[in-house]
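Presented below is the structure to which this report refers.
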Amino acid sequence: MFPIVYQRQLSASVFEMGVTAPAIARKARAGQFLMLRVDEHGERIPLTFSDWSAEEGWVRFIFMRVGKTTHQLSHLVAGDSLVDVVGPLGVATHVEGLGRVAVMGGGVGAAVAYPVARAMAEAGAEVTVILGARNRELLILEDEFRALPIKELIVMTDDGSAGEKGLVTAPLKRLCEAGEIDSSMAIGPAIMMKFCAATTKEFDVPITVSLNPIMVDGTGMCGACRVSVGGETKFGCVDGPDFDGHAVDFEQLMSRQRVYSDIEREADADFSKECSCHL
Ligand SMILES: Cc1cc2nc3c(=O)[nH]c(=O)nc-3n(C[C@H](O)[C@H](O)[C@H](O)COP(=O)(O)OP(=O)(O)OC[C@H]3O[C@@H](n4cnc5c(N)ncnc54)[C@H](O)[C@@H]3O)c2cc1C
Ligand code: FES
Numbered sequence: 227m228f229p230i231v232y233q234r235q236l237s238a239s240v241f242e243m244g245v246t247a248p249a250i251a252r253k254a255r256a257g258q259f260l261m262l263r264v265d266e267h268g269e270r271i272p273l274t275f276s277d278w279s280a281e282e283g284w285v286r287f288i289f290m291r292v293g294k295t296t297h298q299l300s301h302l303v304a305g306d307s308l309v310d311v312v313g314p315l316g317v318a319t320h321v322e323g324l325g326r327v328a329v330m331g332g333g334v335g336a337a338v339a340y341p342v343a344r345a346m347a348e349a350g351a352e353v354t355v356i357l358g359a360r361n362r363e364l365l366i367l368e369d370e371f372r373a374l375p376i377k378e379l380i381v382m383t384d385d386g387s388a389g390e391k392g393l394v395t396a397p398l399k400r401l402c403e404a405g406e407i408d409s410s411m412a413i414g415p416a417i418m419m420k421f422c423a424a425t426t427k428e429f430d431v432p433i434t435v436s437l438n439p440i441m442v443d444g445t446g447m448c449g450a451c452r453v454s455v456g457g458e459t460k461f462g463c464v465d466g467p468d469f470d471g472h473a474v475d476f477e478q479l480m481s482r483q484r485v486y487s488d489i490e491r492e493a494d495a496d497f498s499k500e501c502s503c504h505l
């Protein structure tokens, strides 16, 4: 069992959770993820480390409540336990020798962008972070990003309630046009990563994207997380989650993410009927 040491609600649908997992915390690196099960009947879901402490033996993740499992998870509090936590999984993000880099974090992707930007800055890169959210309420970790040794933090919201009004691609394009970045990384919804890739392609600026296909085992055995990169089939869990954004087939990724939509909706509706929170 993996004891939950704290749980905090960051917005109406986003939650932060810290779990005691010393063996995992000792090995975690930026960009890697874990797979967890809430209880012995539950499905396994992947969530990325947003922080960890090898000394204190905990890992933190931040998740958005989107369906049954994340709904169940959102009801757990400090003192409860998770039945399984497996990790670290996936290949860590490449952070060495990057020069001037822009890191885009969209929505809950900011949780993943945080340790990535920190690791890049620690490795000597000049990092500009662009955070995007639909509105101020959904903007997360702004203060933590401001405390990092980065060049600049640019905040974008769709409705202009915080930072500049618009999408993360607007400042990304400005940086590319001004020749101010050598490479970039985008983490967030597939559609956001697709448009960041299109923006940087125009200027021949390399971009890495952190993909989020459906995963079942997370260890390269089931094939559920297949993605097409440069015409080749790759497994998101063991070959990624980071890939060259200019080579990813985003249309295929997005259509595969929707494969189980009907079943997922039903499962969440059934759970919501039993659940006392009436969400
Ligand atoms: C490597 C990786 C890292 C991720 N990191 C984070 C994170 O840090 N924070 C966060 O909020 N979300 C993260 N996700 C997405 C998260 O795993 C899904 O939101 C979660 O599995 C949804 O489960 P559910 O039962 O609540 O929702 P459901 O209703 O079952 O699904 C809602 C949507 O979530 C996706 N999804 C469902 N099951 C899975 C699955 N087994 N594997 C992957 N995606 C699934 C699908 O696109 C689906 O349409 C990550 C996904 C991957 C692949
Ligand atoms: S999740 Fe099964 S092979 Fe990647």
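Under my numbering, think of the first position of the sequence shown as 227, with each following residue one higher.
We put the beta carbon where it would ideally sit given N, CA and C, even for glycine.
This one's a predicted model, so the numbers in the text were calculated from it and none came from an experiment.
Item                                                                                                           : Value
At least three beta-carbon pairs within less than 8 Å, the stretch 444-459 to the stretch 398-413              : no
Cβ-based burial, residue 436 [other Cβ within 10 Å; buried from 16]                                            : buried
Stretch-stretch touch, CB-based, cutoff 8 Å, three pairs: the stretch 358-365 with the stretch 385-401         : yes
Residue 337 Cβ short of 6 Å to ligand 1 heavy atom set                                                         : yes
Coarse secondary structure for residue 237, derived from DSSP in three states                                  : coil
3-residue-minimum beta strand (DSSP E) runs that sit fully inside the stretch 383-451, ordered along the chain : 409-413, 433-436
Buried/exposed call for residue 232, threshold 16 Cβ in 10 Å                                                   : exposed
Cα-Cα separation between residue 257 and residue 492, rounded to whole angstroms                               : 31 Å
Opposing strand residues paired with residue 232 [DSSP bridges]                                                : 244
Residue 379 versus residue 357 - alpha carbon distance                                                         : 7 Å
Residues surrounding ligand 2 [beta-carbon distance to nearest heavy atom under 7 Å]                           : 441, 442, 443, 444, 445, 446, 447, 448, 449, 450, 451, 461, 462, 463, 464
Three-way DSSP call (helix, strand, coil) for residue 471 in this model                                        : coil
For residue 227: DSSP bridge partner residues                                                                  : None, per the DSSP bridge assignment.
Endpoints, the beta strand (DSSP E) within which residue 328 is located                                        : 326-332
Separation of residue 344 from residue 418, as counted between CA atoms                                        : 22 Å
Which listed residue (475, 469, 471) has its alpha carbon closest to that of residue 454                       : 475
Residue 328 beta carbon less than 7 Å from that of residue 401                                                 : yes
Presumed contact (8 Å Cβ cut-off) between residue 276 and residue 286, rounded CB distance                     : 5 Å
Cutoff 7 Å; reference residue 318; Cβ partners in own chain excluding five residues on either side             : 255, 256, 257, 258
Beta strand (DSSP E) runs contained entirely in the stretch 321-375, provided each spans 3 or more residues    : 326-332, 352-359
Near ligand 1: residue 261 beta-carbon under 6 Å from a heavy atom                                             : no
Distance cut-off 6 Å: residue 341 Cβ against heavy atoms of ligand 1                                           : no
Span separating the alpha-carbon of residue 440 from that of residue 495                                       : 20 Å
Which residues DSSP lists as bridging residue 272, in chain order                                              : 261
Residues near residue 405 in its chain [Cβ-Cβ closer than 8 Å; skip 5 each side]                               : none
Meets three-Cβ-pair contact criterion under 8 Å: the stretch 292-305 and the stretch 339-353                   : no
Any non-hydrogen atom of ligand 1 within 6 Å of residue 427 CB                                                 : no
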